[in-house]
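Residue numbers (my numbering): 3 to 381.
Beta carbons: idealized from backbone N, C-alpha and C, even for Gly.
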């Protein structure tokens with residue numbers, strides 16, 4: 003697990019733009035001070051009741067690339083987006099391969115460059131987003147095509163999206179000039195607001211940006227995570243950003259306002275120094291009714307940050323007491339999910355926390371297998 007985020011950044015990072023970084027001002031009253039030097043001892047069993055592993059079945063039809071772009075759980079099944087294959091793979095709750103959705107092509111019901119997907123929480127339609135600037139809408143099974151939602155031709159590419167309401171999408175474009183966040187009204191067929199004007203070289207030349215979707219859903223709320231310093235915002239109905247969780251890491255705070263446009267090579271070297279001295283690269287995050295959990299880079303190591311929402315307290319640590327990681331790739335009130343490659347499994351998880359059945363699964367994983375989903379059950 004030690005190299006997993008670096009690998010993901012290299013494999014998936016980089017896109018484009020320019021300008022000064024003007025976003026929603028920080029809410030001073032709401033900023034939470036985090037003492038990283040007080041490295042807490044946190045046990046799995048302080049937060050979770052059980053740990054399971056779900057190896058995703060490897061067949062000729064289900065061989066996955068790495069890294070994966072997105073995983074969703076719907077009706078007890080795992081839906082995995084492998085963007086290198088423009089395909090969504092479907093596995094059951096035990097990891098057995100069931101089916102795949104691949105509609106690559108140029109027909110109206112097909113797509114190119116599949117970058118994101120969702121099950122619309124308001125109608126359960128399957129929605130597949132192309133980086134070319136449109137969303138194809140299918141029934142829940144993905145079998146029957148319903149319609150295509152096109153962004154204006156002035157938007158040349160998009161990277162992520164979320165369902166803000168039954169009739170509104172929020173999109174994120176790494177390559178759009180100026181504002182990167184766009185609110186799109188399906189009924190009006192137009193972009194109704196824009197936000198988040200950050201220099202485009204941050205997304206093209208540096209590692210200080212998200213590698214997965216910057217959006218996550220908590221209840222019916224769409225949240226946005228700023229990857230370079232970990233701040234979290236609620237996206238309001240009108241597209242504005244409202245501070246949700248903001249952090250004060252004291253001498254470890256990272257600010258991009260002084261950064262200048264330089265080459266990728268420059269920022270590869272720059273990031274080695276930055277990640278030694280500043281908290282940055284918040285690339286995994288999730289929220290439920292009790293916790294907000296994220297993971298970031300500092301002092302050439304990975305740290306976890308857990309906010310207990312009810313108590314208002316923050317805990318930071320490198321790994322759980324048992325020698326395990328909890329990289330929140332997906333999270334709800336019951337479970338936290340993340341995935342690892344077979345080569346990283348021993349770094350991410352101590353098999354002693356598994357029951358006998360899952361330990362046997364652990365021991366039979368080979369380096370040529372598909373990625374493994376690790377599932378934590380909240381207490």
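- Going by DSSP, residue 279 is part of the alpha helix (DSSP H) stretching over 266-279.
- By the C-beta density criterion, residue 45 is exposed, having fewer than 16 other C-beta atoms within 10 angstroms.
- Residue pairing for residue 184: DSSP places it in a beta bridge opposite 173, 196.
- In the three-state reduction of the DSSP assignment, residue 203 falls in the helix class, which pools H, G and I.
- In chain order, 56, 57, 58, 59 place their CB closer than 6 Å to the CB of residue 97, counting only its own chain and leaving out the 5 sequence neighbours on each side.
- Taking C-beta atoms as the reference points, residue 92 and residue 81 count as a pair closer than 8 Å.
- Membership of residue 347 in the alpha helix (DSSP H) is indicated by the continuous run 347-350.
- In this structure, DSSP gives residue 94 a state outside helix and strand, which the three-state scheme calls coil.
- Following the DSSP letters along the chain, one finds residue 56 in no alpha helix (DSSP H) but inside the beta strand (DSSP E) bounded by residues 50-57.
- Note on geometry: alpha-carbon atoms of residue 255 and residue 325 lie some 27 Å from one another.
- Taking 8 Å as the upper bound for CB-CB distance, residue 128 and residue 142 are in contact here, some 6 Å apart.
- Separation of residue 223 and residue 237 (C-alpha to C-alpha, rounded to the nearest whole angstrom) is 7 Å.
- Around the C-beta of residue 182, 16 or more other C-beta atoms lie within 10 Å, and the residue is accordingly described as buried.
- With a 10 Å radius around the Cβ and a threshold of 16 neighbouring Cβ atoms, residue 176 comes out buried.
- Membership of residue 360 in the alpha helix (DSSP H) is indicated by the continuous run 358-366.
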